[in-house]
Amino acid sequence: MRNTFKIETERLVLRCWAEAHIDPCVQLCADPVVMQYFPDVLTRDRTLKLIGMFRDCFEKHGVFYAPIELKASGEFIGFAGLDVHDEEALPIGGCVDIGWRLKRSAWGRGFASEAARAWLRFGFETIGYEEIVAFTVPGNIPSQKVMTRIGMTQDERGDFEHPKLPEGHAFKRHLLYRMTNDDWQMRTG
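Okay, so the sequence shown: first residue is 111 according to our numbering, each after it adds one.
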């Protein structure tokens with residue numbers, strides 16, 4: 111992975127994964143409160159595999175879920191970014207999705223929205239995507255609020271059953287939010 115990737119916002123730096131991010135990310139993904147809307151917490155090995163998937167996405171597509179650092183201190187507070195799904199991965203077909211995961215001490219301070227807006231700008235203005243989607247389980251109201259705050263609109267007709275979860279799983283159903291490049295241009299002028 112090229113180590114030159116960096117997006118800066120007023121308070122945040124999003125950059126390539128480095129060794130210093132590994133242990134804090136392992137702690138983040140092992141926190142049962144942070145992971146309450148996911149099927150389960152992740153072990154160290156599963157978190158390392160996840161980071162490997164993020165790096166692979168960057169190599170293939172030029173986008174990924176990147177570590178979020180506070181600009182003032184360099185502290186790792188989570189990750190956010192874009193992921194590219196092929197036609198067969200999800201019932202909604204091929205898509206680019208945006209997402210985030212922050213440690214509890216970073217909640218409620220606008221960091222998820224700030225990082226997500228930076229990724230929307232990158233995805234629409236630098237890469238030129240026509241649409242970016244987001245999805246979450248119905249109970250994840252905080253994430254839905256971020257999706258709305260950054261200008262995404264729920265597409266109830268697009269809600270879907272996640273294919274990686276078994277029938278009857280509490281998190282099988284996912285809500286779909288969308289934003290088009292035209293929507294972004296109208297919001298940002």
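All C-beta atoms, glycine included, are put in the ideal place defined by N, C-alpha and C.
Note that the structure is a prediction, hence the values are computed from the model and not measured.
Asked, Found
"Where the beta strand (DSSP E) containing K282 begins and where it ends", "No beta strand (DSSP E) holds K282; DSSP gives it neither H nor E."
"Endpoints, the beta strand (DSSP E) within which I237 is located", "Counting along the chain, I237 falls outside any beta strand (DSSP E), and DSSP gives it neither H nor E."
"Three-state class that DSSP yields for Q295 in the structure shown", "helix"
"Where H279 falls, given that 16 or more other Cβ within 10 Å makes a residue buried", "exposed"
"Option nearest C139 by Cα separation, candidates D155, R121, A225, E129", "D155"
"Nearest neighbour of S215, chosen from E169, Q137, V123 [CA to CA]", "Q137"
"Alpha helix (DSSP H) runs wholly inside the stretch 211 to 236, at least 4 long, in chain order", "221 to 231"
"Exposure label - M111; buried when at least 16 CB within 10 Å", "Residue placement at M111 is poorly supported in this model, since its pLDDT is 46, which falls under 50; the coordinates are not used for a value here."
"The beta strand (DSSP E) enclosing L122, as first and last residue numbers", "122 to 125"
"Range covered by the alpha helix (DSSP H) that runs through A140", "129 to 140"
"T246 versus F174 - alpha carbon distance", "18 Å"
"Range covered by the beta strand (DSSP E) that runs through P177", "175 to 180"
"Outcome for E129 when other beta-carbon atoms lying within 10 angstroms are tallied against a minimum of 16", "exposed"
"Endpoints, alpha helix (DSSP H) assigned at D166", "154 to 171"
"As assigned by DSSP and simplified to three states, the class of M111", "Residue placement at M111 is flagged as unreliable, the pLDDT there being 46, under the threshold of 50; the coordinate-derived value follows with that caveat. It is coil, neither helix nor strand."
"I187, DSSP secondary structure in three states", "strand"
"For I117, the three-state DSSP class (helix, strand or coil)", "strand"
"F221 and L122 closer than 8 Å at C-beta", "yes"
"For G94, the nearest candidate out of A244, T298, G261, I260 (CA to CA)", "Since the first residue of the chain shown is 111 and the last is 299, residue 94 is not available in this structure."
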